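Residue numbers (my numbering), protein chains in the order written: chain A, 936 to 1335; chain B, 936 to 1335.
In structure tokens:
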């Protein structure tokens, strides 16, 4: 009953947040352009200035929504005279989650304004997730995982990962914050994929509300409902043709929100299932990200003279590719997920290794909107697949 | 013993933070100028670009220092097997404080980049202080104040302010964040005054560590020691002639840090004693801030042809000054703290109402460094005065 009440108030606040965000964004465009926060849309012929880093706006409306939600969520306990009954451990989780998200918002915005280096992008989310790990340690400190049935002969029924589990959670925060950022670059993709992931989490939380871990899933809902509302408001302006860009700020903010609810809601493994396209994109990008082969500054598709998008390519001198790079390209060739051409003796060209370019390779020249929709359908199908793994198939691997 | 151990580790971490901040600042100058975050020093003849908003850098090193301090502060409790003994209420305070500071850092940086409007500058600190007030409500909810002896005939020994006390604390956060921001504009003043206030708080906390509220003062020390170290690193570059400007980011960050330790350390009234110059400057500025008389965009002193600074003036048409404005100017004239000249019939000129201009009125043309030093001496003397009120004089007003 109380759960229903809290969720209802959350929805009301979130609807209000949606309208505020939706109304405020157009007014801020000139302010962002005036502050030099704009870019040109590289996939369009026009030279219009598109304001950037609007993630910071919706991040702020998100934080404000949750700040005013706090007295609602803890209202019953706050009115009790006996403060020893106050659920401090829940409140600690709430604050730690907000702190981590707020930190990422700050760092994301700093990145958009100052163009931070790659090492900062890896170091900073790790530091921002520290309070989260401390809270996990204090409130749960459960680092034991159940081993899937097929592997039990080797590892036993359960394995205590200990410190390794914390390393895993820290890396999850780094992965989530960067994974959305590297599957980006065409109108509406960052917000679209985040929205599908968020709605998948919402459905999962609602299903699990009747389960044993209801409290943890309710916690996740506190964050996911306002997140969906503000993301939806942003998507309205970020959809093709984009009036505003979301910036690294949004990708970091969205990623950290997912990491936070995954870790403190105790569904970090299910969470990763919703990230299948991002995981594939990350693995596929590794040769370029880790500089096994050369990585150009932009890997977004190429706009051709017909106004459609084609895969972008990078050129390599065969002698400059490391052995690992060669192995990766060979492997990708076997799976037919790369297009390599010999340009002249010793010089090859190869499509930039992103899921977006891979889609274009398979589909041929496509206009931007169709490409975004295709990628979002992939995201949606992966979410369906995730639910199939999580529910019917889980019984094959675990005792349900 | 444990207190001493925690303070020692804090000092070691803070010294390390000082050196990191001190070394990192010069490397970031070009990055900030590249991002269009620079200004010209209006009190100098040179046209050099001075990078701005460096508060965000030291704010981040401050946050990181405290993040790594958390496991030290709560280490003993984290190693206990019985998690019910963990001091959740202390940990909640820590996280709420960090959240409020991180929010203000984000808003300050957004202000520096985007030039927010005045209403945001008042609204945003209020929202950022919400988690703080919730924590105060949960952990203490003591809204009763002891009435000073001379007023006890009217109000009794103590008065329960109830909700009003929360309004007061919210306003304290707004006041602190803006008070430093309006006593600013000459090299080294923002960092200098914050350093003196912070050292005053440090001394006050150390004195009170042997008292009844040792825990609250230790809490304040967790924040004030790293704050002093990073501020000192920034002062090295912000001192006359400034190589970097601190931006609104720093003023908001410093103000919120003070508000946080004042509120959660339970010494918000003593805290205000350390803000005497800022309170005077605020009261003196009211006619311009609230637009009773016209307020120009910049109120900083005027650079004359000899390279010294003189007070800046604003011109008014006598008919356009509101009645309240006239009363204020009359009042200031009686106390001889304003210089009004009749320029022509119906047109008057009057010095801009800031403590800086008032100092210049009394001292005559002064070079910038001397002016900063003078204002810092005023701040220092006010801190001494605050200690006299807090200790020997308090017995006149309260039963000690």
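No residue lacks a Cβ here, since even glycine has one placed at the ideal position from N, Cα and C.
Computed from a prediction, not measured in an experiment: that's the story for all the values here.
List the residues of chain A whose Cβ lies closer than 8 Å to the Cβ of residue 1038(B), in chain order. The answer, in chain order, is 998 and 1037.
Of the listed residues 1051(B), 1067(B) and 1021(B), nearest to residue 1030(B) (C-alpha basis): When only C-alpha atoms are compared, the closest one is 1067(B).
From residue 1131(B) to residue 1312(B), what distance separates their C-alpha atoms? Their backbone Cα atoms lie some 9 Å apart in a straight line.
Beta-carbon neighbours of residue 1027(B), restricted to chain A and to distances below 8 Å: What residue 1027(B) touches in chain A: 1023, 1026, 1027 and 1030.
Bridge partners for residue 1279(B) per DSSP, in chain order? Per DSSP, 1282(B).
When you check each C-beta in the stretch 1065-1078 of chain A against every C-beta of chain B, which residues fall closer than 7 Å? Within the stretch 1065-1078 of chain A, 1065, 1066, 1069, 1072 and 1073 place their CB atoms closer than 7 Å to a CB of chain B, listed in sequence order.
For residue 1129(A), the three-state DSSP class (helix, strand or coil): Correct three-state label for residue 1129(A): helix.
Output the distance between the C-alpha atoms of residue 1090(A) and residue 1287(A), rounded to the nearest integer angstrom. Roughly 39 Å between the two C-alpha positions.
I'd like to know whether the C-beta atoms of residue 1395(A) and residue 988(A) end up nearer to each other than 8 Å. Summary: the structure shown does not reach residue 1395(A), with chain A confined to residues 936 through 1335, and so no result is reported for it.
Would you report the Cα separation of residue 1113(B) and residue 1149(A), rounded to the nearest angstrom? In this model, residue 1113(B) and residue 1149(A) are separated by some 43 Å (Cα to Cα).
Could you tell me which chain A residues have their CB closer than 7 Å to the CB of residue 991(B), listed as they occur along the chain? Chain-ordered, the chain A residues with CB closer than 7 Å to the CB of residue 991(B) read 1045.
Nearest chain B C-beta to residue 1048(A) closer than 8 Å, yes or no? With its beta carbon less than 8 Å from one in chain B, residue 1048(A) belongs to the interface.
Less than 7 Å separating the Cβ of residue 1260(B) from some heavy atom of the ligand FAD? Ligands are entirely absent from the displayed structure, and the ligand FAD is therefore not among its contents.
Taking 8 Å as the cut-off, does the stretch 1126-1141 of chain A touch the stretch 1200-1214 of chain A (at least 3 CB pairs, one atom from each stretch)? Enough Cβ pairs lie closer than 8 Å, so yes.
Residues of the stretch 1100-1125 of chain A with a CB closer than 7 Å to any CB of chain B: list them in chain order, please. If the cut-off is 7 Å between Cβ atoms, the stretch 1100-1125 of chain A has nothing near chain B.
Classify residue 1306(B) as helix, strand or coil using the three-state DSSP reduction. It is helical.
Starting from residue 1094(A) and walking both ways along the beta strand (DSSP E), at which residues does that stretch end? Judged by DSSP secondary structure, residue 1094(A) falls within the beta strand (DSSP E) whose first and last residues are 1093-1095.
Alpha carbon of residue 1109(A) to alpha carbon of residue 1215(A), nearest angstrom: So the two alpha carbons sit approximately 16 Å from each other.
In terms of DSSP beta bridges, what is residue 943(B) paired with? In DSSP, residue 943(B) forms no bridge with anything.
Is residue 1088(B) buried or exposed, if buried means 16 or more other CB atoms sit within 10 Å of its CB? Exposed.
Hey, residue 1384(B) and residue 1290(B) are a contact pair by Cβ (cut 8 Å); roughly how many whole angstroms apart? The structure shown does not extend to residue 1384(B), since chain B is modelled only from 936 through 1335, so no value can be given for it.
Please report the straight-line C-alpha distance between residue 1314(A) and residue 1128(A), rounded to a whole angstrom. Computed Cα separation, rounded: 7 Å.
Which chain A residues are close to residue 967(B), counting only those with a beta carbon under 8 Å from its beta carbon? Ordered by position in chain A, the residues that pass the 8 Å Cβ test against residue 967(B) are 1049.
What do you reckon, are the CB atoms on residue 1245(B) and residue 1237(B) nearer than 8 Å? Contact annotation: residue 1245(B) and residue 1237(B) have beta-carbon atoms nearer than 8 Å.
Any C-beta of chain B sitting closer than 8 Å to the C-beta of residue 1041(A)? Closer than 8 Å to some Cβ of chain B, the Cβ of residue 1041(A) qualifies, so yes.
Residue interval of the alpha helix (DSSP H) (run including residue 970(A)): Unbroken run through residue 970(A): none, as it is neither H nor E.
Go through the stretch 1197-1222 of chain A residue by residue and report every complete run of the alpha helix (DSSP H) that reaches 4 residues or more, in order. Counting whole runs of 4 or more residues, the stretch 1197-1222 of chain A contains the alpha helix (DSSP H) stretches 1203-1208.
Does DSSP put residue 1249(B) in a helix, a strand or coil? Residue 1249(B): strand per DSSP, three-state reduction.
Pull out every residue of the stretch 1005-1017 of chain A whose Cβ sits closer than 7 Å to any Cβ of chain B, in chain order. Against chain B - using a Cβ distance shorter than 7 Å - the residues of the stretch 1005-1017 of chain A are 1005, 1006 and 1013.
Starting from the beta carbon of residue 952(B), find every residue of chain A whose beta carbon is closer than 7 Å, and list them in chain order. At a C-beta separation below 7 Å, residue 952(B) has no neighbours in chain A, since its nearest C-beta there lies roughly 13 Å away.
Distance cutoff 8 Å, beta carbons only. Does residue 945(B) sit that close to anything in chain A? Chain A, which has no Cβ nearer than 8 Å to the Cβ of residue 945(B), makes this no.
Between residue 1133(B) and chain A, is the shortest Cβ-Cβ distance under 8 Å, so that the two count as touching? For residue 1133(B), the answer is no, since every Cβ of chain A falls outside 8 Å of its Cβ.
Around the C-beta of residue 1115(B), are 16 or more other C-beta atoms found within 10 angstroms, so that it is buried, or is it exposed? That one is buried.
Simplified DSSP state of residue 1244(B), which is helix, strand or coil: Judged by DSSP in its simplified three-state form, residue 1244(B) adopts strand.
Since residue 1033(B) meets chain A, which of its residues come closer than 8 Å, beta carbon to beta carbon? Chain A residues near residue 1033(B): 1034 and 1066.
Reference residue 994(B); option with closest CA among 1266(B), 959(B) and 1301(B): Checked all of 1266(B), 959(B) and 1301(B); the closest Cα to residue 994(B) is 959(B).
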